[in-house]
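Order-wise, the sequence lines are chains A and B. Those letters in the first sequence? Residues 1 to 171, per the working numbering, in order. Those letters in the second sequence? Residues 1 to 279, per the working numbering, in order. C-beta atoms are modelled at their ideal positions from N, C-alpha and C, and glycine is treated no differently. Since we're looking at a predicted model, the values are computed, not measured. All remarks here apply to the structure that follows.
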Amino acid sequence: MNSRIIIINVIRWFLLLFVQIFLLKNMGFYDLSTPFIYVLFLLLLPFGIPNILLYLLAFGTGLTLDAFYDTMGVHATACVVLAFVRISFISISLNRDAIDDPEPSLSYMGFQWFSLYAFLCVATHHLVLFFLETFRLTEVGYTLMRCGLSCIFTLLIILLVEFIFYRRTPR
Amino acid sequence: MRNLWIFISRYNAFFLFIIFFIVGIYLTVKNNAYQRSVTLNSSNEVVGSAYERLNVFKRYLNLGMVNDSLAAENAKLKSQLLGLTTVDTAKDVKVVDTVTNQQYTYLAAKVIKNSITLRNNIMTINKGTVDGIKSGMAVIAPQRGVVGFIRDVSAHLATIQSLLHKDTKISVTLKKNNALGSLVWGDGNFDIKKAFVKEVPNHIKMYVGDTVVTSGFASFPKGILVGKISKANVATNDNFLSAELNLFTDFSTLQYVYVVKDKKADEQKALESIAKPNE
């Protein structure tokens with residue numbers, strides 16, 4: 001069971017990063033909307049993961065992305081912020097003892113919870129990402145627009161992927 | 001301590017977040033040229049504006065000092081202006097010494113050649129016999145400090161044997177107790193800011209910081225500031241003490257000097273030559 005989760009996550013990591021780096025990196029609508037689907041890996045990590053491991057994974061994933069995007073540290077920071085939001089949101093919205101689902105995916109948690117969860121995580125991730133990339137407050141309107149449009153794009157793809165791999169499981 | 005650990009481990013998500021976030025920001029700023037330049041520029045701006053604020057305070061605190069220095073600057077400019085006007089008109093500045101009723105006149109002169117690096121330094125000024133300069137007259141610096149003696153005079157120029165010369169000896173006193181001594185540059189001393197007071201009687205107590213002025217016995221007027229003692233009571237082999245002092249005169253930046261004309265110099269010389277020493 002445990003090794004199965006690890007294998008699934010490793011495969012997911014490679015798959016998502018592959019898609020992100022070799023497909024989505026070349027996609028973008030007028031530099032306004034660029035999807036960052038790889039955050040789905042961080043969203044779908046199992047509930048029981050220790051915080052330190054979560055942060056390390058987030059940081060490592062971000063650094064890998066940075067290596068390909070030539071933006072050292074930007075994605076890593078954004079992913080760390082995402083990890084923090086993820087921990088906070090889960091601890092606020094769910095009772096820690098009552099969690100018996102393996103991972104916070106759409107199949108287990110339902111559309112409402114998952115969409116809010118994904119929206120919060122993705123929104124903060126993108127905010128940090130774009131503001132770190134711009135690194136100034138003078139173009140704040142343009143940056144916010146890019147952030148919002150990319151956020152919508154990313155969320156759409158994440159929900160799409162989740163619906164494609166939807167498994168009807170007894171809740 | 002235990003409570004602290006409990007606190008930290010309870011909110012470990014937050015503390016880990018802080019750590020990783022700082023590392024991420026550090027990496028971002030360190031490795032991306034654009035972000036680095038923005039950070040450096042803005043931090044420079046912050047530092048600059050902070051210093052500016054501080055400067056405003058400092059300006060107020062230093063107002064007295066600034067006033068003094070401005071006054072000094074003013075005096076210097078005035079004396080330079082005097083020098084400029086006297087280049088053509090050779091105007092005498094009269095200083096009436098009301099105490100002894102003795103009359104000195106100062107003549108401003110421009111230094112046209114200066115030397116400070118040699119063992120025996122000679123300066124040249126742009127005033128000569130036409131302006132009434134004679135050999136042996138005292139020369140002082142515009143603000144404070146002594147320069148030396150007139151050595152040779154031509155029609156329009158004169159040379160000064162400055163204090164930085166092995167033969168120059170100026171009679172000086174300690175300002176506080178009028179103890180006599182003689183000012184020399186000193187053997188083996190090549191520092192243009194230092195000189196020695198020699199032949200101070202053994203019983204005189206000198207302290208670091210004492211002001212040394214001219215005695216008025218030679219061609220210098222009495223009370224011209226010379227310098228401050230920096231090393232007192234240097235023992236010598238004879239029966240006298242000596243002291244090292246920092247000169248007020250800055251020979252390296254000397255532009256204008258005052259030549260002191262003593263109206264009674266000839267009279268004094270003539271009178272003193274009658275009384276033969278060792279008679």
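For residue i, write down the residues that DSSP places opposite it in a beta bridge.
i: residue 246 of chain B; result: B/194, B/228
i: residue 58 of chain A; result: Beta-bridge pairing links residue 58 of chain A to no other residue.
i: residue 238 of chain B; result: Residue 238 of chain B is not bridged to any residue.
i: residue 129 of chain A; result: According to DSSP, residue 129 of chain A bridges with nothing at all.
i: residue 107 of chain B; result: B/259
i: residue 182 of chain B; result: B/171, B/198
i: residue 149 of chain B; result: B/138, B/161
i: residue 78 of chain B; result: Paired residue(s): none; residue 78 of chain B is not in a bridge.
i: residue 214 of chain B; result: B/172
i: residue 113 of chain B; result: B/124
Could you pull out every residue in the same chain whose Cβ sits closer than 6 Å to the Cβ of residue i, ignoring the five residues on either side in sequence?
i: residue 86 of chain B; result: At residue 86 of chain B, the pLDDT of 49 sits below 50, so the modelled position is not reliable and the matter cannot be decided from this model.
i: residue 113 of chain B; result: 124
i: residue 168 of chain B; result: 148, 161
i: residue 113 of chain A; result: none
i: residue 269 of chain B; result: none
i: residue 115 of chain A; result: none
Suppose the cutoff is 7 Å on Cβ atoms and the five residues either side in sequence are ignored; what does the same chain contact list for residue i look like?
i: residue 130 of chain A; result: 143, 146, 147
i: residue 211 of chain B; result: 175, 225, 228
i: residue 213 of chain B; result: 172, 173, 175, 223, 224, 225, 226
i: residue 73 of chain A; result: 66
i: residue 100 of chain A; result: none
i: residue 267 of chain B; result: none
i: residue 230 of chain B; result: 208, 244, 245, 246
i: residue 123 of chain A; result: 151
Can you name, in chain order, every residue of its own chain whose Cβ lies under 8 Å from the Cβ of residue i, other than the five neighbours on each side?
i: residue 155 of chain B; result: 128, 129, 130
i: residue 143 of chain B; result: 72, 75, 76, 79, 248
i: residue 37 of chain A; result: 16, 19, 20, 24, 154, 157, 158, 161
i: residue 11 of chain B; result: none
Between residue i and residue j, is the Cβ-Cβ spacing less than 7 Å?
i: residue 258 of chain B; j: residue 104 of chain B; result: no
i: residue 24 of chain B; j: residue 77 of chain A; result: yes
i: residue 121 of chain B; j: residue 162 of chain B; result: yes
i: residue 138 of chain B; j: residue 219 of chain B; result: yes
i: residue 245 of chain B; j: residue 233 of chain B; result: no
i: residue 206 of chain B; j: residue 243 of chain B; result: yes
i: residue 150 of chain A; j: residue 64 of chain A; result: no
i: residue 199 of chain B; j: residue 182 of chain B; result: yes
i: residue 13 of chain B; j: residue 51 of chain A; result: yes
i: residue 111 of chain B; j: residue 254 of chain B; result: yes
i: residue 132 of chain B; j: residue 149 of chain B; result: no
i: residue 116 of chain B; j: residue 252 of chain B; result: yes
i: residue 35 of chain B; j: residue 68 of chain A; result: no
i: residue 117 of chain A; j: residue 16 of chain B; result: no
i: residue 28 of chain B; j: residue 132 of chain A; result: yes
i: residue 202 of chain B; j: residue 239 of chain B; result: yes
i: residue 120 of chain A; j: residue 163 of chain A; result: no
i: residue 59 of chain A; j: residue 20 of chain B; result: yes
On the three-state DSSP scale, how would you describe residue i?
i: residue 138 of chain A; result: coil
i: residue 208 of chain B; result: coil
i: residue 161 of chain B; result: strand
i: residue 122 of chain B; result: strand
i: residue 157 of chain A; result: helix
i: residue 223 of chain B; result: coil
i: residue 133 of chain B; result: coil
i: residue 165 of chain A; result: coil
i: residue 37 of chain B; result: helix
i: residue 233 of chain B; result: strand
i: residue 105 of chain A; result: coil
i: residue 33 of chain A; result: strand
i: residue 49 of chain A; result: coil
i: residue 110 of chain A; result: coil
i: residue 70 of chain A; result: coil
i: residue 203 of chain B; result: coil
i: residue 24 of chain B; result: helix
i: residue 187 of chain B; result: coil
i: residue 156 of chain B; result: coil
i: residue 264 of chain B; result: coil
i: residue 117 of chain A; result: helix
i: residue 78 of chain A; result: helix
i: residue 4 of chain A; result: helix
i: residue 94 of chain A; result: coil
i: residue 71 of chain B; result: helix
i: residue 30 of chain B; result: helix
Quiz item: Below 8 Å, can you find three or more Cβ-Cβ pairs linking the segment 82-97 of chain A to the segment 41-55 of chain A?
Solution: yes
Practice problem: Indicate whether the contact test is met: 3 or more Cβ pairs, each with one atom in the segment 91-106 of chain A and one in the segment 58-65 of chain B, closer than 8 Å. | Solution: A contact between stretches requires three or more CB pairs, one per stretch, nearer than 8 Å, and the segment 91-106 of chain A fails this requirement with the segment 58-65 of chain B.
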